[in-house]
Every structure is written in C-alpha cells, then in structure tokens.
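What follows is a short report on a single structure.
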Amino acid sequence: MTEPAKAKNALELDDLSVAYRVNGRNRAVLRNLSLTIGQGEAYGLVGESGCGKSTVALTVVRYLPRNGSITGGAISLDGQDVMKLDGEALRRARAESVSMVYQDPGKALNPSIRIGRQLTEIFELAGISGKGAEDRAIAMLNRVRISDPAGVMQRYPHQLSGGMQQRVAIAMALANDPSMLILDEPTTGLDATVEAEVLDLIAQLRRELSASILFISHNLAVVSNMCDRVGVLYAGMLVEEGPTDVVFNDPRHPYTVALLRCLPRGGQRKDQGRLDTIPGFLPGIGAAIKGCAFADRCALADERCRTELPPLYDLSDQRGTRQSRCHYHDKAQALPRTTPSDGASAPKPATAPVLRVAGLNKTYASHGHALRAVKDVSLDLRPGETLGLVGESGSGKTTFARLLLGLVPPDDGGTIELEGKALAPKLANRGDDQVKAMQIVFQNPDSALNRSHSIRHILGRALKRLAGLSGKAQEARLEDLIRSVRLTDRHLAVKPRQLSGGLKQRVAIARAFAGDPRIVVCDEPTSALDVSVQAAILNLLADLQAKQDVSYIFISHDLGVVRYLSDNIAVLYLGRIMELGPSEEVFSGPHHPYTEALLSAVPKLDQTETARIRLDGEIPSATNPPPGCVFQTRCPRKIGPICEQQEPPLAEAQPGHSIRCHIPYSELAQLQKAAVTELA
Amino acid sequence: MSALETTSPAQDDTRRRGPLAETLFSLMRSRTFLVGFAIVLFWVACALFGEHFAPYDPLADDIINALAPPSSEHWFGTDQIGRDVFSRVIVGSRDILTVAPLATVLATIAGTALGLLTGYFRGLVDDVVSRILEAFMAIPVVIVALLAIVALGTSKTTVIVVIGLSFAPIIARTVRSAVMAERELDYVAAAQLRHESAFHTMFVEILPNVIPPILVETTVRLGYAIFAVATLSFMGFGIQPPSPDWGLSISSNYGMIGGGFWWTVLFDALAIASLVIGVNLAADGVHGAFND
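Taken in sequence, the protein lines are chains E and H.
Per the numbering used here, the very first residue in the first sequence carries number 6; after that it's consecutive.
Per the numbering used here, the very first residue in the second sequence carries number 21; after that it's consecutive.
In structure tokens:
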C-alpha cells in the first residue's frame, strides 16, 4: 500500500479526549489533546507517570484497554482517520503504517519462538514468504546493526541480552517501513551503556528512514537528545510544546521549570544544597479540574489560575513555534523554589572508618562453574560519608551489599569490620547491636514492605526489634520517626498499597532508621520513582545523614544521583573494583576507561556532548571472565597484549584514588584530555 | 516541606477499598460463584433444618409401601423398607456436610503448616518432608482408610482424620510454592535484618500474604473431600447406618437397579453430583476473584 502523495503530517491528534471506565464512571485520562507530528519528525512526549503518556501511544493505534474509550476528538494517521477504520482496515493500518516498541523487550518477544521465525512472520503477513522473507529478516537485523544476523535468527529471545532484544524489537517494528514509529520508554529498563547504544541506533535509523517518531519517555535528557520537538504532558493535557532545545533551555511553564530543577545537574552535590522538588501529587485520573491543572502544586498560582483554564498561549518566535498553557508564561522561570537550597552539609573531619572491608569474595556455583560475583573487594567507609557503588547490571553491586548485610555469606578469608569489630559472615551469628547498626533501603518498596501489614505495624515492629521499644515509648518514638521522614499520623493506619511510590519509599527509609543505624545501604532507592519524587527522597537522605551522621552505601545506575549524594565512588565491573576514589576525582577524571565509558553513556540535558565512547558487546559472563584485565574485551583504550595477559592491580594513582589499569595515570590524563578537545 | 501533609494517602476512591473487600466485591459479581454458592447454601440449609421440612421421618420404615415408585405422596418413591427417599435425600446431606468440611479444615491447617515449613526452610527440611509427603500422596485414600479403620474402628472421626491427612500434602504443595515466591521478596530479608525468629517470619510476615492461594485450594479440596466421603461411605468404610447418608444409601440400594427400582439410587447420586458441582463452581469463582 504505497500512497504516492503523503499527507502533510504523519500524525494529527485533534482535541482528543480519552477516558477509562473505573467503577462504573468514566474518568478522563486525556483532555482535549491536540498535537501534530510532521513527516520525518521526532516528537518527544514527557511527563511524570500517570500523566497519560502511554495512553496517547495506545490511542493512536486504537489499542486501549477494554475499559478505555475515546470520548472525543479525532486521530489522523498519515491523513487517514483512525477513528473511521473498521476491523480489517485497522489491522492493515497497524500492520503497515504504524509500529510500536515497548519498554520491556523481554515481554514484547515471544519467549518460545526463535527470533528468525518471529521476524519472518511479519513479512509473511505482507505476502512475502520462504527465502524472500528470510532474506528480508536478515537485512532487517543488519539494519539494526546486529553483527551475526544469521546466528541471531536461530536463537530464542532469552539467549540475547536486553540491548540485543531491544534491537530485535526495533527491527520488527521497522520491518514494514512504517510511516510512524512509536517508542514507549524504549530504553528505560536498560543499563546506561546499553541505553546509549540503542539511542545511537535510533538516531542513525532516523537518518536512513523516513519514519516519523513519537518518543515517549520520563527521561528529559533522553528526549532532549533524540527529538526535534517536545510536548510536556500533565494530567492528560499538553502544558508546553516547542522545539526541544528551546523548551529545555527556556521553559515557559512552571511544571517544565520544576521538572528540570528536580534533576541533579552539572555535578551538583549534597554539600552544595538540596534539590528542588514539586510539592503535592498529580491529580488522580478523572479528577475534576477547574482552572490550571498544575495550580495546586505551583507556587506562582493565584486566583485566576485556580478558576480559569489557561489556553495554550502562542509563544512562537524566531526559534520556532511553541506554546505554553500558563497565564503567566512570561514569569514561569521565576517559580520560587519549594525547597530552600541551603541545608548544605559541611565536609566531615577525617575519623576512623565505621566500616572496613578487606579481601571480600563471593563465589557461586553455577552449573559446575565458579561464578565469582564479587572478587577481592576492599574498602573503607567513614562515619557520615556516602560510598557510591556504580556499574552495569551484573557487576556485583547488589551482591556486595548483601554480603555486607549478612544476607548472603561471603567466601572464607575476607573480613568485614564494623567499628573495629569483625562481623560474623552469617546474619544469624551477628549480635543484635551489629544487626541494627546496618540496615537497607531496598529498590522496590512494594517488595520491601509487607503488603498485609499496616504502616504502623511495619514501623512499630522495627522499633520493637531494632530499638527495643514498646508501649508508650514506642508510640513516642514512632511519632518522631514518621516526622523525620515527613509522613504524618494519617499514613500510619493504611496499608502500603494505599500509598504512592514516594511515600512507600519514605516508610522503607523510616524502617531502616528505626534503630539509629550506623550504616544504611541504599540499593537503587529512587530508580522506580518519578524525578520530582526522586529529588524529595534524595533530599531526605541527605538531611538524615547530616543530622544523624549515618554512612550510606549508595547503589545506583544513575550517575547524576550517585554524584549528588556520594563522597567516594567505587566503580565495579564483573565483581571487581575498577576505580575507587573521591567522588569529584572519579567524575572529573582522569578516570578508568570503564568509568569514562559509563560517564560518556549518560544522556545529558545540556547537550554539551563530551567524548562519545560506546562499549561494544556485552558484559562478559562472570563464570568465564576474560583473561588479564577483565575489561579488555570492551576497552576502547586497550594498549596491547599486556591487557590480555596480566590483570592490572588496583593501584593508587593519587592519594585516595585508585585505578585498576595498565595505562599509567599521567597517560590516562593526556588521553582523556585529548578526547575532550578533539570533540570540541 | 512538600505538601505530603496536605494530600490524603488515599488519593482516589478506587484505592479506598481494602483487598479483602475488593475480592468480596468481585465474588459477588461472579455468576459462577453465585450459582455454586446457592447450590451449596441449599444443601447446608437441608443439613441444618432438613428434618423440619422433610415430609416424612427419614428413618421410619413402612414395609407395606416398600419400593413404591415416585408419586405425589412420595415424590422420590420409597426404598426397600418403605422409607421416603425424598426425606432421606434431604436429611442425608447432614453427615457429609459435617465430615467433608471438617476434613478439609484439618487438611488446610496441616497442609499450611507443612507448606510454610518446607517453603521457608528449603534445603534439607524441604527435601526430607517433601519426599515423605510425595510418598504419602502415592497411596490411594481408600487403602489408607482401610488401614485406619482396621486400626481405629469406623467412626466419623476416623473418616475426618483419614481424608484430612490424605489431602494435607496436596495443600502443602500449593502453600510451599506460594511461600517460596514470597520468601524471595525483600520484606523477608528485612525481617531477617531485625533478627526475627523463623516462627514470626513464617506466621506473621509470610502467612497473611499466602492466604489467597490457600483459600482457593481449600474450596477446591472441599469438592474432592465430599466425593471422598461419599466413596468411603459407599464402600462401607465411611458413615455408618442408620444414617440416611447419600453414599451409604446408594451402597445399600444399588442392587435394586436391576429390578427397575432406579429411584432408590438416582436421587442420592444426583444429590452428590449437585453438591460437588456447587462446590466446584464456587471454587472456580473464588479462584477467579483472587486471580483477577
């Protein structure tokens, strides 16, 4: 079905309203949404979870859940009215002119069918069969830069890494040369290095293909790198729209301003003040909105904002067409901070370490092979300090944390000392005091909080066991505890499921702090949260640390977040520390080539692109690590056979800053400086 | 700071209902459950108040009217000593509806405890206990019943214990797999980081979260228990005369079918079938409500 003349716009949404029927009532999810995506244009849609981003994607292909319905407006895909399509025409439109790539490639591919079959099926639908379909499938895999397409065709999805799976999903989406490609958080579940790879691929494909892109993401930096124009969605309404760089550098809606301020940017650190947050919550779906949807959370809002729905003011200028749904768009950037920027914590004087880890190893037996999840890790942690642990998934971050806590016993030989006393390897053999001194905030509060218990029960039990309190004393301490994480009495009676993600994580933090711990392990505590909530949680952690002199071991894949909170950083790769040093030095460099690659992979909002280093291939299996330096198979700065033969020691390059690399420190400095200037 | 203090934790009314209330709500909208529940309720009413609305005394014989076919006087006819089959079917629900549920409750309690132990401790405890349970499951109920009756004599208690213990391993297996999934969740690690006892972790932390699969399994087992009781009674190892129990009645009358006296057996058989179907429909509904 090739139309000679293409419509002017690939996608037009005109005054679109969508509602979900919940408990017998229609609740508005999208409210009078209008947007257009031109041919070949990449349009980014951003906003917090629950604002309707994914609903837009589903509506475009008329794939809403059973309780969803389009209550008004029109959708035009390539000039075709989607609303008027009947079953067969709709099926053809979905098969031929629009494709979707979802967040989790593992779920988008059929686990029990080989990749080849899944790909050829698409061509068979289009009427090409046999050898022809196979050739096309291989061509598609080549196009998404899979190096061994014939081999990959023979494999099952689980035999591919996450990045490869997403490439295959993209290949499938592009198979019929769609005019519209919808990407719904395509890199959210992926490691930063893999994310960078996939984003590069999408950027390259954009140049080769004519497809227009609707790119949905909560990650502003990703959108800013990928898209020509961006729309900011709030409570199902478009609140701001315009060229990406203009919107992000000169936002004209308080919500955009606030979202941008929540991110730790430009190397901001906890001792330089707190992050800004957005108070309150997104209005629930179907909430009646009078006036501006954001008014309740906006410090600039006045009477007019609360009563009169702002139209989309046209703010087009020579930089492009743009609009903002704010009565006071010219003043938006004057939005006062909700969090005072002070509250900075002073640097700590040097004291004896609270935690000392020496020669820690963990070996798992995996199908007869030894899997060395953690190898020879030694480090110190001082009171009131944060040690950031970074590395791709599979690098041993979480295993290391579990070893410290005693949830998993380490191999014989290594030692963990807490305040000068050796800790038993097994949790059961540790003293009560030692157990309460080290607690954890887990990544996923839904798993960490018992869903059958009330918040009062959860925290009360923690106080009883960890602080030895009961009765009146427990009640009094409970009050203090919930106040310290900024919850109120009202939150005590409810079960975890009745709280939002951010509130649940506060409960988890309160539980960890119940027994006045010396060390709290934070295992990706904000990765499941929206940026505005993330900022509030990071502020809370920084405040608690300043007040109670507690030390953190902070695990995160988000380097901006790690940088904000950490005093020292340990970079892990295949269970080994590749680099260990003060946060600023690790970030500013010279650093280990792996750290360099990790930093380079992070999409940046300000588009001051540093050296682009992309890691090839996947993290090798820990059961069969490469000989010599474990990073040599992917290292962009590999110097020669020495890297393949000898494992470099973790050598102190500067006082307190160690790097595991054969390249001398001074040479690393030169190489990395050269790389930066080369690009500039 | 932030307006946490000003925002209600329950943001919209879809969240306001508790999980239990939500399950009940969806049960009440499940036609399968309602039909099954109505059938079960009918038989429960018969068991409780049967003698008040049964037209005759189910035990009173009337030799002159023996083996009378169904008529307006005796709706379901009479048996070989002239007892009214209709009254016997109604009152006959009593014993089976005492024995089967009690056996199921016993199986649930024992199975839950075993499932928690094997699922929580895993390793050696799991290997040993699970092998024993599997061996136990391999022996047919009838043989266990025979042995138990030889050892303990026939009584309702024996039937309850035999069926309860035969079903316990099956429930234990369901509970074990649910517990093993729960055990991987971080709240269990958090309990360990408070040095909680294994008992506390199993019964206070994990148990409330595995109630849904236990309830589903219990309702399913109840259907099987009813069938098992009827079978044992039919074979003479279960409920004993002079009870008008269905299985027992079929057993004492099935020789008559050849003589064309079908009514002495058919209505008892239909009663067993309807009760089992009712329980299974209700179980289906419960399963659906918990797995939506």
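We treat Cβ as the ideally placed atom computed from N, Cα and C, and that holds for glycine.
All figures in this text were calculated on a predicted structure; none of them were measured in a lab.
Test: residue i CB closer than 7 Å to a CB of chain E
| i | result |
| --- | --- |
| H:L44 | no |
| H:N311 | no |
| H:A210 | yes |
| H:Y207 | yes |
| H:P233 | no |
| H:P4 | Residue 4 of chain H lies beyond the stretch modelled for chain H, which goes from 21 to 312, so this question has no answer here. |
| H:H215 | yes |
| H:P228 | yes |
| H:E225 | yes |
Alpha-carbon to alpha-carbon, residue j and residue i
| i | j | result |
| --- | --- | --- |
| E:C303 | E:C297 | 10 Å |
| E:S22 | E:A292 | 14 Å |
| E:R141 | E:V66 | 25 Å |
| E:R160 | E:G121 | 8 Å |
| H:L122 | E:V199 | 58 Å |
| E:E589 | E:Q273 | 10 Å |
| H:L40 | E:G411 | 36 Å |
| E:P341 | E:V251 | 21 Å |
| E:H258 | E:Q338 | 8 Å |
| H:N300 | H:T124 | 14 Å |
Below-7 Å beta-carbon distance, residue i vs any chain H residue
| i | result |
| --- | --- |
| E:V440 | yes |
| E:F447 | yes |
| E:N434 | no |
| E:D485 | no |
| E:A306 | no |
| E:L471 | yes |
| E:D548 | no |
| E:N72 | no |
| E:S457 | yes |
| E:S452 | yes |
Helix, strand or coil at residue i [DSSP, three-state]
| i | result |
| --- | --- |
| E:A98 | helix |
| H:N85 | helix |
| E:S329 | strand |
| H:H72 | helix |
| H:D265 | coil |
| H:L376 | Past the edges of chain H, shown from 21 to 312, lies residue 376 of chain H, and the structure says nothing about it. |
| E:G43 | strand |
| E:K58 | helix |
| E:E213 | helix |
| E:Q159 | coil |
| E:F405 | helix |
7 Å Cβ cutoff met for residue i and residue j
| i | j | result |
| --- | --- | --- |
| E:L471 | E:G520 | yes |
| E:L577 | E:G418 | no |
| E:H334 | E:R309 | no |
| H:S107 | H:A67 | no |
| E:I624 | E:G399 | yes |
| E:C640 | E:P653 | no |
| E:Y260 | E:F286 | no |
| E:Q108 | E:D205 | no |
| E:I524 | E:L360 | yes |
| E:S571 | E:G393 | yes |
Exercise. Should the segment 196 to 205 of chain H be regarded as contacting the segment 133 to 145 of chain H, the criterion being three or more beta carbon pairs within less than 8 Å?
Worked result: yes
Problem set entry | Touch test, the segment 22 to 39 of chain E against the segment 235 to 247 of chain E, Cβ-Cβ under 8 Å, three pairs minimum | yes
For this session: Please determine if the segment 267 to 274 of chain H and the segment 157 to 166 of chain H are in contact, where contact requires at least 3 C-beta pairs separated by less than 8 Å.
Result: no
Problem set entry | Cβ pair count under 8 Å reaching 3, the segment 461 to 470 of chain E against the segment 481 to 495 of chain E | yes
For this session: Taking 8 Å as the threshold, find out whether the segment 50 to 64 of chain E comes into contact with the segment 211 to 221 of chain E through three or more Cβ pairs.
Result: yes
For this session: Evaluate contact between the segment 434 to 451 of chain E and the segment 530 to 542 of chain E, counting only Cβ atoms and requiring at least three cross-stretch pairs below 8 Å.
Result: yes
For this session: Determine, using beta-carbon pairs with one atom in the segment 536 to 544 of chain E and one in the segment 253 to 267 of chain E, whether at least three such pairs fall under 8 Å.
Result: yes
For this session: Taking 8 Å as the threshold, find out whether the segment 561 to 580 of chain E comes into contact with the segment 590 to 601 of chain E through three or more Cβ pairs.
Result: yes
For this session: For the segment 105 to 122 of chain H and the segment 165 to 173 of chain H, state whether three or more C-beta atom pairs, one from each stretch, are separated by less than 8 Å.
Result: no
Exercise. Do the segment 226 to 238 of chain E and the segment 43 to 59 of chain E meet, that is, are 3 or more Cβ pairs less than 8 Å apart?
Worked result: yes
Exercise. Quick check: the segment 183 to 198 of chain H against the segment 227 to 240 of chain H, are there 3 or more CB pairs under 8 Å?
Worked result: yes
Exercise. Does the segment 205 to 214 of chain E come within contact of the segment 115 to 130 of chain E, defined as at least 3 CB pairs closer than 8 Å?
Worked result: no
Exercise. Taking one C-beta from the segment 145 to 155 of chain H and one from the segment 234 to 252 of chain H each time, how about it: are there three or more such pairs within less than 8 Å?
Worked result: no
Problem set entry | Sufficient close CB pairs (3 or more, under 8 Å) joining the segment 171 to 181 of chain H to the segment 207 to 214 of chain H | no
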